[in-house]
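Working notes, beginning with the structure itself.
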Amino acid sequence: MQGKIVKGIAGFYYVHVAESGVYECKAKGIFRKEKKKPLVGDDVKIEVSSETEKTGNIIKIEPRVNELARPAVANVDQALVVFAVTRPVPHLNLLDRFLVMMERKDIPVVLCFNKEDAAAAEEVEELRSIYQGCGYPLIFSSAAKGRNIDRIRESLKGKTTVIAGPSGVGKSSIINLLNPRANMETGDISVKIERGKHTTRHSELFPVGEDAYIMDTPGFSSLYVNDFEKEELKYYFPEFSEYEGLCRFHGCDHVSEPDCAVKDAVAVRKIHESRYHNYVEFYEELKNQRRYGR
Numbered sequence: 009m010q011g012k013i014v015k016g017i018a019g020f021y022y023v024h025v026a027e028s029g030v031y032e033c034k035a036k037g038i039f040r041k042e043k044k045k046p047l048v049g050d051d052v053k054i055e056v057s058s059e060t061e062k063t064g065n066i067i068k069i070e071p072r073v074n075e076l077a078r079p080a081v082a083n084v085d086q087a088l089v090v091f092a093v094t095r096p097v098p099h100l101n102l103l104d105r106f107l108v109m110m111e112r113k114d115i116p117v118v119l120c121f122n123k124e125d126a127a128a129a130e131e132v133e134e135l136r137s138i139y140q141g142c143g144y145p146l147i148f149s150s151a152a153k154g155r156n157i158d159r160i161r162e163s164l165k166g167k168t169t170v171i172a173g174p175s176g177v178g179k180s181s182i183i184n185l186l187n188p189r190a191n192m193e194t195g196d197i198s199v200k201i202e203r204g205k206h207t208t209r210h211s212e213l214f215p216v217g218e219d220a221y222i223m224d225t226p227g228f229s230s231l232y233v234n235d236f237e238k239e240e241l242k243y244y245f246p247e248f249s250e251y252e253g254l255c256r257f258h259g260c261d262h263v264s265e266p267d268c269a270v271k272d273a274v275a276v277r278k279i280h281e282s283r284y285h286n287y288v289e290f291y292e293e294l295k296n297q298r299r300y301g302r
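Counting in the numbering used here, the sequence shown runs from 9 upward without gaps.
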């Protein structure tokens, strides 16, 4: 049987098989020997041990298109990154770190700012001015009012999407609007693992339409940009690309060099200073990492 892992917890993996439902599975010992751990989002083959109890074993993990370490998920087509416009005020440094991580993994991003209904127009426009030139589809939504949920749904069609963002921004509310049966459809899993009220503690995958899944992930509070060279960083800020080759010096890193096209673009507000400020901060982190051998 072929299926997809929709949740993994305490050594059990819950595999959704089309037309058959969800099976509680253990992973064969061979995966431990190969040091390969099944991940939510993995396409797998299972052998059923009990059709009545819906139990079985994972016998094969299909090759992965990609995988993320944080959150630990596999086969992601895109990321829906959700922050609130307000309550809580968005932490843009954290947001930009996540965008860099997705660029590095070559995973497309849909950027969503929720709680538009609770924000002043000036707050919305400030965020729009920062991110509309970055190349990411930009959606302002209100889960409380059901505003622009259809736009989010349209962006998910035919894809496996990881939804990520800090706690308290309305991710679970958005998922419940996209699939009101999400909790009901995974109720058998909840009983087995004795979970109470729905709060996200583990990566979890829900169907949100034909051939579309969304992965709910635990809230994150910190991300480090530290696993590549500082010279690569500029390629992970999409709005810098149109200025490539226009600086005075070939290989300009857009930090301290004179006659820099990117810095000129910041000066005339073609690139937002918030994004550039975070770029410089990340660059210095990478520089110091090399200096101190981390």
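For each residue, glycine too, the CB sits at the ideal point set by N, CA and C.
Local conformation of residue i per DSSP, three classes
i	result
Leu-119	strand
Ile-38	helix
Ile-69	strand
Glu-75	strand
Arg-298	helix
Phe-148	strand
Val-23	strand
Glu-252	coil
Phe-214	strand
Asp-267	coil
Phe-91	strand
Lys-153	coil
Val-56	strand
Tyr-139	helix
Val-170	strand
Lys-8	No answer is possible for residue 8: the residues shown for the chain start at 9 and end at 302.
Ala-82	strand
Tyr-232	coil
Met-223	strand
Glu-32	strand
Val-48	strand
Residue i Cβ short of 7 Å to the ligand NAD heavy atom set
i	result
Gly-37	In the structure on display, the ligand NAD does not appear, and there are no ligands present to speak of.
Residue burial classification, residue i (beta-carbon count within 10 angstroms, cutoff 16)
i	result
Leu-241	buried
Glu-281	exposed
Gly-330	As shown, the chain starts at 9 and ends at 302. That puts residue 330 outside it, with no answer to give.
Phe-214	buried
Phe-91	buried
Phe-257	exposed
Val-93	buried
Val-199	Because the pLDDT at Val-199 is just 47, under 50, the model does not fix this residue reliably, and the point stays unresolved.
Ala-35	buried
Ala-129	exposed
Val-274	buried
Glu-111	buried
Supposed contact pair residue j and residue i - C-beta distance, whole angstroms, cut 8 Å
i	j	result
Glu-70	Val-52	7 Å
Ile-147	Arg-159	5 Å
Asp-125	Arg-155	7 Å
Contacts around residue i, its chain only, beta-carbon distance under 6 Å, and the 5 residues preceding and following it disregarded
i	result
Val-216	Leu-164, Leu-186, Asn-187 and Ile-222
Gly-141	Glu-247
Asp-261	none
Tyr-144	Val-117 and Leu-119
Tyr-1	Only positions 9 to 302 of the chain appear in the structure, and residue 1 is not among them; the question remains open.
Leu-103	Phe-91
Asp-50	Ile-13, Ile-69 and Ala-82
Lys-295	Lys-238
Pro-98	Phe-91
Whole-angstrom distance between residue j and residue i, CA atom to CA atom
i	j	result
Ile-67	His-210	23 Å
Ala-269	Arg-277	12 Å
Arg-298	Val-233	12 Å
Phe-106	Val-30	31 Å
Val-89	Thr-63	34 Å
Lys-113	Asn-83	12 Å
Ser-181	Ile-13	23 Å
Tyr-284	Gly-176	27 Å
Lys-123	Ile-54	41 Å
Tyr-244	Glu-289	14 Å
Asp-272	Glu-265	11 Å
Glu-131	Gly-166	33 Å
Ala-18	Ala-127	40 Å
Thr-168	Ala-220	6 Å
Ser-28	Arg-95	41 Å
Glu-252	Ser-58	59 Å
Asn-101	Asn-286	6 Å
Val-149	Val-25	A quick correction: the sequence has Ser, not Val, at residue 149. Their backbone Cα atoms lie some 32 Å apart in a straight line.
Glu-42	Glu-218	34 Å
Ile-157	Pro-174	19 Å
Phe-4	Ala-77	An answer regarding residue 4 cannot be provided, because it is not within the stretch 9 to 302 covered by the chain.
Asn-65	Arg-72	19 Å
Tyr-139	Ala-152	23 Å
Arg-40	Glu-134	49 Å
Other residues of its chain near residue i: CB distance less than 7 Å, five sequence neighbours each side excluded
i	result
Pro-116	Gln-86
Glu-293	Val-233 and Asn-234
Ser-137	His-280
Glu-32	Phe-20, Tyr-22, Lys-62, Thr-63 and Lys-200
Beta-carbon contacts of residue i that lie in its chain and below 8 Å, excluding the five residues immediately before and after
i	result
Gly-16	Tyr-22, Pro-46, Leu-47, Val-48, His-210 and Ser-211
Asp-224	Ile-171, Lys-179, Ser-180, Ile-183, Thr-208, Ser-211, Glu-212, Leu-213 and Phe-214
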